[in-house]
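Asks:
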Amino acid sequence: MGSRYLSTAQLQSWFIALDNFLLTQQSFWRERPFTTRSLAWENQAPELSAWLRSQSLAHAEHYQAHPTKLIGAPAPYTELALLSQQLTQLPASCSRTLSARPAYLSRDVPGRKWQQIASLAEAITPIDSTAQPHWLDWCAGKGHLARYLAWPDQTYSCLEYDPKLVAAGQQLTDKLGLPGQHQCQDVMQPAARELLAGTLPVALHACGDLHRQLIEGAVEQSVTQLAVVPCCYNRTATEQYRPLSKLAKASLLALSKTDLALPLQSTVTANRRETAQRDQSMAWRLAFDIYQRQVRDVDQYLSTPTLGREWWKQSFADWCQNLAALKKIAVKPTDWLTLEQQGWQRLAQVRNLELVQGLFKRPLELWLLLDLALYLSESGYQVALSTFCSESLTPRNILLQAVLKK
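The opening residue of the sequence shown carries number 147 in my numbering; numbering runs sequentially from there.
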């Protein structure tokens, strides 16, 4: 296997340390600066609060992807950053050498996704090098990962819910003359678990309940080996997180869907135009938040719907008044220019305050992954956690591999 195994004791010790960190410091990450104008922790650390609120939007953007690299902030920022780093150290996956894949395999695959597939394929090492595994691509889309892994002559199956993607994937497989089968399957249905038997299941960025279903199904079917890169932990049918392992079930850390979304609040793929559009959207929404609190005389965030492109072609004054009408809020005479400026000032404050919250994204993600790892360990598997690629390629870069003990 391409990554070192962790003993049950190591997994437990790591989980307990993360659990304690998240529990004792939860005032720093539970509340959302975007919706809460004054955070509970600001009373505990007034100097840090004032310092962050005085920083520019450019300052926040500079450290957003790596908040632990920020130095010079008042206490307890540095201490929290150090603990975050210490608790989230992961080894890089041990890469195996694969034969070069032909360029035509990457057709219709975005460049970044193709790099992720190549890195993941090199990190997955079948435990029996003498036998050819039957790969099973869970939530496969068009099956690009399975084709890469199985090239040139190994068999594979692809499970996908969208019939259009199934048809397109099968067409690609047939065109290449590969021994693969694409099946239209809702993996949340019990029948999907039976399809895991005798395969080496893999999943790249399977969301929420989808990766949990894979792991629970693999245990049920005594799958020999599996490899999964989880994503979107908040994509779950339950309002509260449902732990799988004994330690997580005993934890006092109860996680809502909002909490589960925290690890996902980072992006490395936005270009300048997309970043500018995102910033404008957030600044205007924050300005509207100031307006609606004053007009309604209710100091509480009011959620607003997703707005179509045509909304963002308006002036701020028109946008704000139209949104007020949509939310059935009175339109009162306002200095719209000053209000918009206040929205941008608030955005800078929000982004800088979010740097504190950002220190807990990776710890919470690892807490969730260790719950899965401990469940597998309790079920008779050896487990390894590693990074299969850099965070610049994808922030969701943690690979969980498990092998059933003989």
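Ideal placement from N, C-alpha and C gives every residue a C-beta, glycine not left out.
Nearest-angstrom Cα distance between residue 418 and residue 502?
Replies: What you label residue 418 is simply residue 272 of the sequence shown in a count that begins at 1. What you label residue 502 is simply residue 356 of the sequence shown in a count that begins at 1. The alpha-carbon atoms of residue 418 and residue 502 are separated by roughly 24 angstroms.
Asks: So does the region 332-341 actually touch the region 232-248, counting three or more Cβ pairs closer than 8 angstroms?
Replies: With a cut-off of 8 angstroms, the region 232-248 and the region 332-341 do not count as touching, because too few Cβ pairs lie within range.
Asks: Unbroken alpha helix (DSSP H) runs of length 4 or more, entirely within the region 242-291: which are they?
Replies: For the region 242-291, whole alpha helix (DSSP H) runs of length 4 or above, ordered along the chain, are 257-269.
Asks: Are at least three pairs of beta-carbons, each pair with one atom in the region 200-212 and one in the region 489-503, less than 8 angstroms apart?
Replies: With the cut-off at 8 angstroms, the region 200-212 and the region 489-503 touch.
Asks: Whose C-beta lies closer than 8 angstroms to the C-beta of residue 341 among residues of the same chain, with five residues either side of it excluded?
Replies: Translated into the one-based positions of the sequence shown, residue 341 becomes position 195. For residue 341, where only same-chain residues beyond five positions count, the Cβ hits under 8 angstroms are 282, 303, 305, 329, 331.
Asks: To the nearest angstrom, how far is it from the Cα of residue 477 to the Cα of residue 178?
Replies: Within the sequence shown, the letter at position 331 stands for residue 477. Within the sequence shown, the letter at position 32 stands for residue 178. Answer to the nearest angstrom: the Cα atoms are 27 angstroms apart.
Asks: Check the C-beta distance from residue 160 over to residue 516 and give it rounded, since I have them as a contact under 8 angstroms.
Replies: As a first step, residue 160 must be located in the sequence shown, where it is residue number 14. As a first step, residue 516 must be located in the sequence shown, where it is residue number 370. Sure, about 6 angstroms apart at Cβ, within 8 angstroms.
Asks: Secondary structure at residue 157, three-state DSSP: helix, strand or coil?
Replies: Mapped onto the sequence shown, residue 157 falls at position 11. Three-state DSSP puts residue 157 in a helix.
Asks: Just the Cα atoms here: how many angstroms apart are residue 354 and residue 285?
Replies: What you label residue 354 is simply residue 208 of the sequence shown in a count that begins at 1. What you label residue 285 is simply residue 139 of the sequence shown in a count that begins at 1. So the alpha carbons of these two residues sit roughly 12 angstroms apart.
Asks: Judging by CA-CA distance, which residue of 162, 165, 188, 527 is the nearest neighbour of residue 368?
Replies: Translated into the one-based positions of the sequence shown, residue 368 becomes position 222. The shortest Cα separation from residue 368 among 162, 165, 188, 527 belongs to 527.
Asks: Would you report the Cα separation of residue 483 and residue 432, rounded to the nearest angstrom?
Replies: Here the question's residue 483 lines up with position 337 in the sequence shown. Here the question's residue 432 lines up with position 286 in the sequence shown. So the alpha carbons of these two residues sit roughly 14 angstroms apart.
Asks: Whole angstroms are fine: how far does the CA of residue 240 sit from the CA of residue 429?
Replies: Stepping through the sequence shown from its first residue, residue 429 is reached at position 283. Stepping through the sequence shown from its first residue, residue 240 is reached at position 94. Using only the alpha carbons, I get a separation of about 43 angstroms.
Asks: Which one or two residues does DSSP pair with residue 533 in a beta bridge?
Replies: For the purposes of this step, residue 533 is taken as residue 387 along the sequence shown, with counting starting at 1. DSSP output for residue 533 lists 238, 544 as bridge partner(s).
Asks: Just how far apart, CA to CA, sit residue 171 and residue 225?
Replies: Within the sequence shown, numbered from 1, the residue matching residue 171 stands at position 25. Within the sequence shown, numbered from 1, the residue matching residue 225 stands at position 79. Residue 171 and residue 225: Cα-Cα distance of roughly 12 angstroms.
Asks: In this structure, does DSSP put residue 351 in helix, strand or coil?
Replies: The residue you call residue 351 lines up with position 205 of the sequence shown. Three-state DSSP puts residue 351 in a strand.
Asks: Measure the C-alpha to C-alpha separation of residue 407 and residue 166 and round it to an integer number of angstroms.
Replies: Translated into the one-based positions of the sequence shown, residue 407 becomes position 261. Translated into the one-based positions of the sequence shown, residue 166 becomes position 20. Rounded to the nearest angstrom, the two C-alpha atoms are 20 angstroms apart.
Asks: Looking only at its own chain, which residues have a Cβ that is under 8 angstroms from the Cβ of residue 423, when we skip the five neighbours before and after it?
Replies: Within the sequence shown, the letter at position 277 stands for residue 423. Hits under 8 angstroms: 458.
Asks: Can you name the start and end residues of the alpha helix (DSSP H) that residue 208 belongs to?
Replies: Here the question's residue 208 lines up with position 62 in the sequence shown. First-last of the alpha helix (DSSP H) with residue 208: 203-209.
Asks: Would you tell me roughly how many angstroms separate the C-alpha atoms of residue 218 and residue 197, rounded to the nearest one?
Replies: On the sequence shown, residue 218 is found 72 positions in, with the first residue counted as 1. On the sequence shown, residue 197 is found 51 positions in, with the first residue counted as 1. Between residue 218 and residue 197, the C-alpha separation is close to 10 angstroms.
Asks: Could you compute how far the alpha carbon of residue 216 sits from the alpha carbon of residue 190?
Replies: As a position in the sequence shown, residue 216 is number 70, starting the count at 1. As a position in the sequence shown, residue 190 is number 44, starting the count at 1. For residue 216 and residue 190, the distance between alpha carbons rounds to 20 angstroms.
Asks: Assuming contact is defined by CB atoms lying nearer than 8 angstroms, are residue 231 and residue 214 in contact in what I supplied?
Replies: What you label residue 231 is simply residue 85 of the sequence shown in a count that begins at 1. What you label residue 214 is simply residue 68 of the sequence shown in a count that begins at 1. In contact: residue 231 and residue 214 (Cβ atoms closer than 8 angstroms).
Asks: Taking 8 angstroms as the cut-off, decide whether the C-beta atoms of residue 242 and residue 268 are in contact.
Replies: As a working mapping, residue 242 is identified with position 96 in the sequence shown. As a working mapping, residue 268 is identified with position 122 in the sequence shown. Contact: yes.
Asks: State buried or exposed for residue 188, treating a residue as buried only when at least 16 other CB atoms are found within 10 Å of its CB.
Replies: Mapped onto the sequence shown, residue 188 falls at position 42. Label assigned to residue 188: buried.
Asks: Out of 154, 504, 548, which one is the CA nearest neighbour of residue 104?
Replies: Any question about residue 104 goes unanswered here, given that the chain covers just 147 to 552.
Asks: Going by DSSP, what residues sit across from residue 377 in a beta bridge?
Replies: Here the question's residue 377 lines up with position 231 in the sequence shown. Answer is 353, bridged to residue 377.
Asks: Just verifying my parser: in three-state terms, what is the DSSP assignment at residue 147?
Replies: Indexing the sequence shown from 1 puts residue 147 at position 1. Its pLDDT being 44, under 50, residue 147 is placed unreliably by the model, and nothing is read from it.
Asks: Classify residue 315: buried if its beta carbon has 16 or more other beta carbons within 10 angstroms, exposed otherwise.
Replies: Position 169 of the sequence shown, counting from 1, holds the residue named residue 315. Its Cβ being crowded by 16 or more others within 10 Å, residue 315 is buried.
Asks: For residue 434, tell me which candidate among 399, 456, 470 has the shortest Cα-Cα distance.
Replies: Taking the first residue of the sequence shown as 1, we reach residue 434 at position 288. That would be 470, whose Cα lies nearest to the Cα of residue 434.
Asks: Report yes if the C-beta distance between residue 546 and residue 514 is below 8 angstroms; otherwise report no.
Replies: Position 400 of the sequence shown, counted from the start, is the residue given in the question as residue 546. Position 368 of the sequence shown, counted from the start, is the residue given in the question as residue 514. The answer is no: Cβ separation not under 8 angstroms.
Asks: Using the C-alpha atoms, what's the distance from residue 255 back to residue 312?
Replies: Residue mapping note: residue 312 aligns to position 166 of the sequence shown, counting from 1. Residue mapping note: residue 255 aligns to position 109 of the sequence shown, counting from 1. Going by the C-alpha atoms only, they are around 15 angstroms apart.
Asks: Please classify residue 153 as buried or exposed, where buried requires at least 16 other C-beta atoms within 10 Å of its C-beta.
Replies: To locate residue 153, count along the sequence shown from 1; it is residue 7. Counting Cβ neighbours within 10 Å, residue 153 comes out exposed, since fewer than 16 surround it.
Asks: Quick one: what does DSSP say residue 359 is sitting in, helix, strand or coil?
Replies: Here residue 359 refers to the residue found at position 213 when the sequence shown is read from its first residue. Note: residue 359 maps to helix in three-state DSSP.
Asks: According to DSSP, is residue 195 helix, strand or coil?
Replies: The count along the sequence shown starts at 1 and reaches residue 195 at position 49. Here residue 195 sits in helix by DSSP.
Asks: Which residue wins for smallest C-alpha separation from residue 352, given the options 475, 377, 392?
Replies: Position 206 of the sequence shown, counted from the start, is the residue given in the question as residue 352. The shortest C-alpha separation from residue 352 is found at 377.
Asks: Buried or exposed for residue 234, going by 16 or more other Cβ atoms inside 10 Å?
Replies: The sequence position of residue 234 within the sequence shown is 88, counting from 1. So residue 234 ends up on the buried side.
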